[in-house]
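Okay, structure first, notes after.
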Amino acid sequence: MSDFKTLFLNGLTKKAAGSRKRIVLPESDDDRVLQAGARVLQTGAVDIVFLGETEQIAQSAKRLHLDLDAAEIVSLHDDEKLARYTAKLVELRSHKGMDEATARETLKDVSFFGTMMIVCGDADGMVSGAAHTTAHTIRPALQLIKTQPGVKLVSGAFLMVFDDHFDLYADCAVTISPDAAQLADIAVVSAKTAAQFGLEPKVAMLSYSTLDSGSGPLVDLVREATAKARAAAPELSIDGPLQFDAAVVESVAAQKAPHSPVAGQTNTFIFPDLNSGNITYKAVQRTSGALAVGPILQGLNAPVNDLSRGATVDDISNTIVITAIQAQG
Numbered sequence: 013m014s015d016f017k018t019l020f021l022n023g024l025t026k027k028a029a030g031s032r033k034r035i036v037l038p039e040s041d042d043d044r045v046l047q048a049g050a051r052v053l054q055t056g057a058v059d060i061v062f063l064g065e066t067e068q069i070a071q072s073a074k075r076l077h078l079d080l081d082a083a084e085i086v087s088l089h090d091d092e093k094l095a096r097y098t099a100k101l102v103e104l105r106s107h108k109g110m111d112e113a114t115a116r117e118t119l120k121d122v123s124f125f126g127t128m129m130i131v132c133g134d135a136d137g138m139v140s141g142a143a144h145t146t147a148h149t150i151r152p153a154l155q156l157i158k159t160q161p162g163v164k165l166v167s168g169a170f171l172m173v174f175d176d177h178f179d180l181y182a183d184c185a186v187t188i189s190p191d192a193a194q195l196a197d198i199a200v201v202s203a204k205t206a207a208q209f210g211l212e213p214k215v216a217m218l219s220y221s222t223l224d225s226g227s228g229p230l231v232d233l234v235r236e237a238t239a240k241a242r243a244a245a246p247e248l249s250i251d252g253p254l255q256f257d258a259a260v261v262e263s264v265a266a267q268k269a270p271h272s273p274v275a276g277q278t279n280t281f282i283f284p285d286l287n288s289g290n291i292t293y294k295a296v297q298r299t300s301g302a303l304a305v306g307p308i309l310q311g312l313n314a315p316v317n318d319l320s321r322g323a324t325v326d327d328i329s330n331t332i333v334i335t336a337i338q339a340q341g
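For the sequence shown, position 45 (counting from the first letter as 1) is numbered 57 according to the numbering used here, and the numbering increases by one without interruption.
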């Protein structure tokens, strides 16, 4: 790993340690999750909560030679928490037919239990998905935590860490085919995420056409989204439509978009749909050796982040730290 990437990850850990947050990990039956939790506990940057049974986790820790003494372990059968969470869940979802019996049954699901820990102030964020689908992880958050005021949808960003800098790519994980309003929403919330991790956001709304050079429904969508994003957040440096080369190469920008405030210096890339975003981040990751940190779910009132079921221990530990930083606000 390059010196910059190491410094970047160390910087994230230092930032997380500046205001320690409590992150719940519902999948304590997955060895990778226990290993990642142990690694983060060693840094002292994040307080870790495992959902599970103390004896089972202790046995796994012994088998894996892990020190988990600093972790909190919460049982899904904790009577006090079950009573509080059941009452709160009924309060929040009674309009959807939630009663006490249904709430207790719902709380057998680790994703719902972990999400209720956040709702009730017993955790600041959650990381899950190593053994569950994305929908299973984020559905409770959408129902119970909901989106931030003014944010219309949840989107997914990656921090792409290169040998000498890092950028933010979005949406590469959630919204399949955003309309103009949704794309504008993704741009604004992505700029906030970029700033949270130390970038001064320069946002490019990406397209196959730069500014007025092309026409057609796909370009018009990006053009309309750019206008909406500017209207929603006039303080942002944002431009589009921009081709990728015009967004990143100064000489190309000088020819194609000489008056653009972001062309040639973009660090926050907004893709027009999930196809282009997901394909691009994976292509860049695999061909350039970039470190892809994420996905970072954006727009929720409290951070819940989803893992790939193929996530490595490094992926999980990085996501835990990212989630803790998000929880700092």
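Backbone N, C-alpha and C fix where the C-beta goes; we use that ideal spot for every residue, glycine too. Bear in mind the structure is a predicted one, so any value in this text is a computation, not a measurement.
Kindly indicate the opening and closing residues of the alpha helix (DSSP H) around residue i.
i: Gln255; result: Looking at the DSSP string, Gln255 is not in any alpha helix (DSSP H), and its letter there is neither H nor E.
i: Arg242; result: 229-244
i: Ala266; result: 262-268
i: Thr25; result: 15-29
i: Lys74; result: 66-76
i: Arg116; result: 112-118
i: Arg321; result: Looking at the DSSP string, Arg321 is not in any alpha helix (DSSP H), and its letter there is neither H nor E.
Assign residue i to buried or exposed, taking buried as 16 or more other Cβ atoms, counted over all protein chains shown, within 10 Å of its Cβ.
i: Leu76; result: exposed
i: Ile291; result: exposed
i: Asn287; result: exposed
i: Arg242; result: buried
i: Glu39; result: buried
i: Ile188; result: exposed
i: Ala82; result: exposed
i: Asp111; result: exposed
i: Asn22; result: exposed
i: Met128; result: buried
i: Ala147; result: exposed
i: Asp224; result: exposed
i: Leu19; result: exposed
i: Gly162; result: exposed
i: Pro190; result: buried
i: Gly228; result: exposed
i: Met138; result: buried
i: Gly301; result: exposed
i: Asp175; result: exposed
i: Gln71; result: exposed
i: Gly210; result: exposed
i: Met217; result: buried
i: Ala113; result: exposed
i: Gly322; result: exposed
Run through DSSP, which three-state label would residue i get?
i: Asp90; result: coil
i: Ile35; result: strand
i: Val200; result: helix
i: Ile85; result: strand
i: Leu342; result: Residue 342 falls outside the range modelled here, since the chain spans only 13 to 341, and no answer is possible.
i: Ala304; result: strand
i: Ile337; result: helix
i: His107; result: helix
i: Val274; result: coil
i: Thr187; result: coil
i: Gly226; result: coil
i: Asp121; result: coil
i: Ser343; result: Only positions 13 to 341 of the chain appear in the structure, and residue 343 is not among them; the question remains open.
i: Asp79; result: coil
For residue i, write down the residues that DSSP places opposite it in a beta bridge.
i: Leu218; result: Leu254
i: Ile282; result: Ala182, Met217
i: Gln310; result: Ser167
i: Ser249; result: Lys214
May I ask which residues mark the beginning and end of the beta strand (DSSP E) holding residue i?
i: Val316; result: 316-318
i: Asp59; result: 59-63
Could you pull out every unbroken beta strand (DSSP E) segment of at least 3 residues lying fully inside the stretch 124-182, listed in chain order?
As for any beta strand (DSSP E) of minimum length 3 sitting wholly inside the stretch 124-182, the runs are 137-140, 167-173, 178-182, ordered along the chain.
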